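K.L.:
Sharing a structure here in structure tokens format.
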Amino acid sequence: MTVDSRRRSVLAAGGALMLSSLAAFRSAASAPRVIRVVARKFEFVPGEIHVKRGETVTLQFEAPEVPMGFNLADFKLRTDIVPGKLAALEFRPEKAGSFTFLCDVFCGSGHEDMSGTLIVS
Amino acid sequence: MSPFDRRQFLQLAGVGSAVFVSGLAGAARAADAASMGKVEDFFFVQLSDCHWGFEGAPNPDARGTLPKAIAAVNALTQAPDFVIFTGDLTHTTDDPQERRKRMTEFRQIVSELKVKNVKFVPGEHDAALDQGKAFKEFFGATNYSFEHKGVHFIVLDNVSDPAAQLGDTQLAWLADDLKTQARDARIVVFAHRPLFDLYPQWDWATRDGAKAVALLMPYDHVTVFYGHIHQEHHQMTGHIAHHSAKSLIFALPVAGSQPKRTPVPWDAAQPYRGLGFREIEAQPGQAGYVVTEMPVQKA
Chain V
38 MTVDSRRRSV
48 LAAGGALMLS
58 SLAAFRSAAS
68 APRVIRVVAR
78 KFEFVPGEIH
88 VKRGETVTLQ
98 FEAPEVPMGF
108 NLADFKLRTD
118 IVPGKLAALE
128 FRPEKAGSFT
138 FLCDVFCGSG
148 HEDMSGTLIV
158 S
Chain F
59 MSPFDRRQFL
69 QLAGVGSAVF
79 VSGLAGAARA
89 ADAASMGKVE
99 DFFFVQLSDC
109 HWGFEGAPNP
119 DARGTLPKAI
129 AAVNALTQAP
139 DFVIFTGDLT
149 HTTDDPQERR
159 KRMTEFRQIV
169 SELKVKNVKF
179 VPGEHDAALD
189 QGKAFKEFFG
199 ATNYSFEHKG
209 VHFIVLDNVS
219 DPAAQLGDTQ
229 LAWLADDLKT
239 QARDARIVVF
249 AHRPLFDLYP
259 QWDWATRDGA
269 KAVALLMPYD
279 HVTVFYGHIH
289 QEHHQMTGHI
299 AHHSAKSLIF
309 ALPVAGSQPK
319 RTPVPWDAAQ
329 PYRGLGFREI
339 EAQPGQAGYV
349 VTEMPVQKA
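Quick note, the sequences are listed as chains V and F, same order.
This note's numbering applies: residue 38 is where the first sequence begins, and numbers increase by one.
This note's numbering applies: residue 59 is where the second sequence begins, and numbers increase by one.
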């Protein structure tokens with residue numbers, strides 16, 4: 038192998054490495070942030086969810102006790118949350134403010150107090 | 059006493075405020091006169107959201123309010139043709155035995171009504187945790203229809219499914235029931251929750267309520283009376299009028315007027331403010347109804 042061809046190989050390998058790192062970086066940068074939310078009798082944990090306007094996030098839910106629901110009416114988002122299964126909602130809020138979310142599956146004596154706030158800054 | 063005289067009497071006595079509520083704003087169209095004429099003059103009473111078993115600061119007289127309302131209905135100058143409770147007869151409990159105890163007590167209290175034609179609609183507090191099992195034991199079917207003096211009444215159950223849905227089976231039943239009715243029939247629907255999206259942020263909706271409204275839409279004279287939101291509210295979906303009733307335990311705030319759906323605090327200076335029941339009067343030749351709101355106690 039000549040000096041030039043070795044140099045070309047090194048450059049190509051370096052370029053490939055850079056591209057691969059860039060791709061990984063881009064992938065990490067574009068992967069939605071995952072926010073885990075536990076729906077338990079009779080609260081969401083966390084009760085306040087903070088996101089940035091324009092940020093794509095994945096809300097990932099679990100309900101360890103009984104079936105629950107998550108309803109964020111201002112964004113027309115809802116899902117059932119069944120014990121033993123993870124539920125997920127991906128969304129990108131385009132409006133700032135505080136928005137109430139609640140459990141919309143009647144889950145027991147404290148059901149009507151089961152709500153939280155999404156804060157989009 | 060004719061219904062008109064009775065209404066005038068109520069207003070003069072200062073015990074109620076009567077309003078004419080209608081999907082057609084006024085007298086029936088000429089084409090519907092025949093159908094309208096079939097209706098006999100009568101009125102019924104709607105009570106809602108009694109939440110028997112509730113205890114807390116929003117109503118320090120929680121065990122006294124329902125008996126007072128029953129006494130007020132019994133004291134009406136003219137007896138209604140029937141009385142209907144539009145859901146949340148009892149306050150929810152996770153204990154099935156306690157639920158039945160509350161239903162037993164509730165049934166005992168309402169047995170004091172002089173009017174013996176009493177009908178019941180389930181609310182989610184009564185039915186959502188056991189899919190209506192205890193409610194059926196005590197009060198019968200959760201959805202049904204009946205005729206009364208020219209009006210077709212339909213009771214819908216949008217609470218026994220904890221997800222607040224009517225469900226395909228009940229929607230099919232509704233479709234079949236409506237097939238028996240002429241397009242110009244007078245139809246009244248009772249439900250606990252609103253059939254439209256009043257304020258989903260506070261769970262004031264029925265997930266598949268729009269399907270029921272779509273089935274009702276071809277009929278000219280449909281009015282819906284419901285509860286759930288613990289206050290008067292009047293809204294149209296097309297030509298269909300929806301009227302919610304006050305509660306008999308505590309009032310709730312106007313939709314979205316505060317961050318949380320917490321009860322309006324009890325006002326010792328004006329006890330029972332925001333609570334009450336209503337008379338609903340059907341008249342021949344009128345597509346709408348005269349609704350008279352009545353307090354738990356006279357001022």
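For glycine and all other residues, C-beta sits at the position ideal for the given N, C-alpha and C.
Keep in mind it's a predicted model, so treat the numbers as computed, not measured.
For F/Arg165, collect the residues of the same chain with a Cβ closer than 8 Å to its Cβ; drop the 5 residues on either side in sequence, then sort them by chain order.
P.N.:
So the qualifying residues of the chain are Phe196 and Phe197.
K.L.:
Would F/Gln259 pass as an interface residue toward chain V - the criterion being a Cβ-Cβ separation below 8 Å?
P.N.:
F/Gln259 counts as touching chain V.
K.L.:
Throw me the rounded Cβ distance for the F/Val349 and F/Arg331 pair, which I believe falls under 8 Å.
P.N.:
Incorrect: roughly 19 Å between the Cβ atoms, too far for contact.
K.L.:
Can you tell me whether F/Thr281 is buried or exposed? The criterion is at least 16 other CB atoms within 10 Å of its CB, across all chains shown.
P.N.:
Classification for F/Thr281: buried.
K.L.:
If we ignore side chains and look at the alpha-carbon of each, how far apart do V/Met151 and F/Pro118 end up?
P.N.:
For V/Met151 and F/Pro118, the distance between alpha carbons rounds to 24 Å.
K.L.:
Skipping 5 residues on each side, what residues in its chain have a beta carbon closer than 6 Å to that of F/Lys172?
P.N.:
Contacts found: Asn132.
K.L.:
Beta carbons nearer than 8 Å to chain F: which residues of the segment 67-93 of chain V have them?
P.N.:
The residues in question: there are none.
K.L.:
With V/Gln97 and V/Leu123 assumed to form a contact (beta carbons below 8 Å), what rounded beta-carbon distance in angstroms separates them?
P.N.:
V/Gln97 to V/Leu123, Cβ: 6 Å. Contact.
K.L.:
Which parts of the segment 172-210 of chain F are runs of the beta strand (DSSP E), unbroken and 3 residues or longer, counting only runs that do not cross its ends?
P.N.:
Taking only runs of at least 3 residues, the beta strand (DSSP E) segments lying wholly in the segment 172-210 of chain F are 176-179 and 202-206.
K.L.:
Could you check whether the segment 224-236 of chain F touches the segment 255-275 of chain F, counting it as contact only if at least three pairs of C-beta atoms, one from each stretch, sit closer than 8 Å?
P.N.:
Yes, they touch.
K.L.:
One question on the structure: do F/Ile287 and F/Phe101 come within less than 8 Å of each other, judged by their Cβ atoms?
P.N.:
Their beta carbons are not under 8 Å apart, which means F/Ile287 does not touch F/Phe101 by this criterion.
K.L.:
Beta-carbon of V/Thr116 versus every beta-carbon of chain F: anything under 8 Å?
P.N.:
No - not a single Cβ of chain F is within 8 Å of the one on V/Thr116.
K.L.:
Using CA atoms only, rank isn't needed, just tell me which of F/Asp153, F/Gly267 and F/Gln293 is closest to F/Leu226.
P.N.:
In the sequence as displayed, the identity of residue 226 of chain F is Asp instead of Leu. Among F/Asp153, F/Gly267 and F/Gln293, the Cα nearest to that of F/Asp226 is on F/Gly267.
K.L.:
May I ask you to verify whether the segment 139-155 of chain F touches the segment 98-111 of chain V, counting CB pairs closer than 8 Å and requiring at least 3?
P.N.:
They do not touch, by the three-pair rule.
K.L.:
For F/Leu187, decide whether its Cβ has a neighbour in chain V, counting only Cβ atoms nearer than 8 Å.
P.N.:
Yes, its Cβ sits closer than 8 Å to a Cβ of chain V.
K.L.:
Out of curiosity, what's the CA-to-CA distance linking F/Phe248 and F/Ile212?
P.N.:
Each residue's alpha carbon lies about 6 Å from the other.
K.L.:
Bridge partners of V/Gly134, per DSSP?
P.N.:
V/Val157, per the DSSP bridge assignment.
K.L.:
Distance cutoff 8 Å, beta carbons only. Does F/Pro317 sit that close to anything in chain V?
P.N.:
Chain V, which has a Cβ nearer than 8 Å to the Cβ of F/Pro317, makes this yes.
K.L.:
Return yes when the Cβ of F/Gln259 is within less than 8 Å of the Cβ of V/Ala68, no when it is not.
P.N.:
Their beta carbons are not under 8 Å apart, which means V/Ala68 does not touch F/Gln259 by this criterion.
K.L.:
Determine whether the beta carbon atoms of V/Arg73 and V/Val94 lie at a separation below 8 Å.
P.N.:
The answer is no: Cβ separation not under 8 Å.
K.L.:
Cα separation between F/Ala137 and V/Glu131?
P.N.:
Taking the straight line joining both Cα atoms gives about 56 Å.
K.L.:
Establish whether the CB of F/Asp152 and some CB of chain V are separated by less than 8 Å.
P.N.:
Yes, F/Asp152 counts as interfacial toward chain V.
K.L.:
Straight-line CA distance for F/Leu203 to F/Ser305?
P.N.:
Note that residue 203 of chain F is Ser in the sequence shown, not Leu. For F/Ser203 and F/Ser305, the distance between alpha carbons rounds to 24 Å.
K.L.:
Between the C-alpha atoms of F/Pro220 and V/Phe79, what's the straight-line distance to the nearest angstrom?
P.N.:
Taking the straight line from one Cα to the other gives about 15 Å.
K.L.:
Quick one: residues in its chain with C-beta nearer than 6 Å to the C-beta of F/Arg308, no 5 flanking neighbours on either side, listed in chain order?
P.N.:
The amino acid at residue 308 of chain F is misidentified as Arg; the sequence shows Phe. Within the same chain, F/Phe308 has close Cβ partners Pro116, Asn117 and Pro321.
K.L.:
Taking F/Asp146 as part of the beta strand (DSSP E), name the residues at either end of that continuous run.
P.N.:
Segment: none, F/Asp146 is in no beta strand (DSSP E) and carries neither H nor E.
K.L.:
Hey, would you say V/Leu126 sits closer than 8 Å to V/Phe138, going by beta carbons?
P.N.:
Their beta carbons are not under 8 Å apart, which means V/Leu126 does not touch V/Phe138 by this criterion.
K.L.:
Look up V/Met151 in the DSSP assignment and say whether it is helix, strand or coil.
P.N.:
Here V/Met151 sits in coil by DSSP.
K.L.:
Locate the alpha helix (DSSP H) running through V/Leu126, then write down its first and last residues.
P.N.:
Counting along the chain, V/Leu126 falls outside any alpha helix (DSSP H), though it belongs to the beta strand (DSSP E) covering Ala124 to Phe128.
K.L.:
To test your reading of the DSSP string, which unbroken alpha helix (DSSP H) runs of 4 or more residues are found completely within the segment 240-297 of chain F?
P.N.:
Correct list: 267-274.
K.L.:
Quick check on DSSP: helix, strand or coil for V/Gly106?
P.N.:
In this structure, V/Gly106 counts as strand in the three-state DSSP scheme.
K.L.:
Closest to V/Pro83 by CA distance: which of V/Gly91, V/Ala100, V/Cys144 and V/Glu92 is it?
P.N.:
If we check each option's Cα against that of V/Pro83, V/Ala100 comes out closest.
K.L.:
To the nearest angstrom, how far is it from the Cα of F/Gln104 to the Cα of V/Val157?
P.N.:
About 42 Å.
K.L.:
Going by Cα to Cα distance, which pick from V/Gly134, V/Gly153, V/Arg129 and V/Pro120 is closest to V/Cys140?
P.N.:
Comparing Cα positions, the closest option is V/Gly153.
K.L.:
Could you please give me the residues that DSSP links to V/Thr116 through a beta bridge?
P.N.:
DSSP lists V/Phe107 as partners of V/Thr116.
K.L.:
Would a C-beta distance cut-off of 8 Å place F/Gly314 and F/Ser302 closer than the cut-off?
P.N.:
Contact flag unset, no.
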